[in-house]
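Since the structure comes first, as structure tokens, the remarks are kept for the end.
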Amino acid sequence: MSDTFILNGKETPFEKGQVILEAARNGGIEIPTLCYLRGASPTGACRICLVEVTGARSLMAACSTPVAAGMEVFTETGRVHQARKLNVELLLSSGKHDCMVCEASGNCRLQDLAYFYKITDLRFEKNEEIYPAETENPFIVRDFSRCILCGRCVQACNEVVVNRAISLGYRGAKSKVCTGGDQPYMDSICVFCGQCVEVCPVGALTEKKAVSLGRPWETQKIRTTCPYCGVGCQQLLHVKDGRIVKVTAVENAQPNEGRLCVKGRFAYDFIYSEDRLKTPLIRQENGDFREASWDEALDLVADKFKGIIEQYGPDALAGVSCARSINEDSYQMQKLFRSVIGTNNIDHCART
Ligand code: FES
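With this note's numbering, the residue at position 129 of the sequence shown is 129, and numbering never jumps.
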């Protein structure tokens, strides 16, 4: 049986070990967050999730405060509202948050919070920009001036995908998210899975290939299964005018639970490649290829197969089916090799 606590005056059940944020969500009360990342340990960095707990001297971070039986919690008092608003103002003054030209506009939690708390002017002086943006690698733009140091990217890298490529470095106003030795991503151990981009709540980390290709509200989000290896990761294609603008993971969906690898997230250019083969090619005597019809190409392959089987037997042949094929095609491929050709030399290139 679960214990109960008092949430905004209402007796609410909670599970042992839950923090206020999770118990409140289960009770239908949404508490705003910025740094909280499901599945990673809480850092309590942003202080947006502050709530009032009766008897506590200061406001408590809901994402990292465990619930106790009988605890009385208020999530929307004037004091809570004022503190959250102040924290949003401080974050807005911590860097360059010019939504009009920011890639994350329309998909930015800081923007949403500024809108919700009706922040029109900044009371605090803006921090100067210290670090130039990193744009050298092919996949990720790191704009340090937009970073609010919430640490979600660090948690995602270290605790969700466990690549351990980044951490928080330096001190005070010079703090930044760094790779080992503060190298550019390209020279670090980063594998470009892009999980840091996936969880960034602002425009500090964005997909380089998606720059200026479309705002979130202009794209259609189409759920699909990643076409690469056999894991079956669930992804969302962000499509504008019939073209993929970017790819993100589906949150809370098996088997990848919001994660993607570098291929699943960034390697979709082949779809639009001019080099894509559209007809069979047959190599000629001089080594050059010439275009052929499917009938001609298949007859040629069948003749060559027959010749090899006659001379060396069926085990002289082997088949490797494509990892991007559907199950039914792979099934037919093994059927062809086992039943028609007569060999068990058949495999599937499901490498990542
Ligand atoms: Fe709780 Fe950031 S979400 S401190």
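Don't be surprised by glycine CBs; every beta carbon is placed ideally from N, CA and C. This one's a predicted model, so the numbers in the text were calculated from it and none came from an experiment.
query                                                                                                        : result
Beta-carbon separation (whole angstroms), A24 vs R47, contact threshold 8 angstroms                          : In fact, because the Cβ distance is near 16 angstroms, the residues do not count as touching under 8 angstroms.
Bridge partners - D3, DSSP secondary structure assignment                                                    : F14
First through last residue of the alpha helix (DSSP H) which encompasses D295                                : 294-312
Alpha-carbon spacing of Q111 relative to L34, whole angstroms                                                : 11 angstroms
Proximity of A204 and C147 at Cβ, strictly below 8 angstroms                                                 : yes
Between the CA atoms of I31 and P13 - distance to the nearest angstrom                                       : 17 angstroms
Paired residues, beta bridge with Q220 - DSSP                                                                : V239
Opening and closing residue of the alpha helix (DSSP H) in which V51 lies                                    : Here V51 belongs to no alpha helix (DSSP H); instead the beta strand (DSSP E) covers 50-53.
Close beta carbons around F144, own chain, < 6 angstroms, minus the five adjacent residues each side         : Y131, K176
Residue of C178, Q334, D121, L281 minimising C-alpha distance to G151                                        : C178
Residue span of the alpha helix (DSSP H) that contains F266, given as start and end                          : 262-266
Start-end ranges of the beta strand (DSSP E) lying completely within the segment 135-180, minimum 3 residues : 140-142, 166-169, 176-179
N-terminal and C-terminal residue of the alpha helix (DSSP H) that S105 is part of                           : Run containing S105: none; DSSP gives neither H nor E here.
Counted within 10 angstroms of its Cβ, other Cβ atoms place I326 as buried (16 or more) or exposed           : exposed
7 angstroms Cβ shell around W294 - same chain, five flanking residues per side excluded                      : P280
Cβ contact (3+ pairs, closer than 8 angstroms) linking the segment 189-203 and the segment 254-261           : yes
Residue span of the alpha helix (DSSP H) that contains S330, given as start and end                          : 327-335
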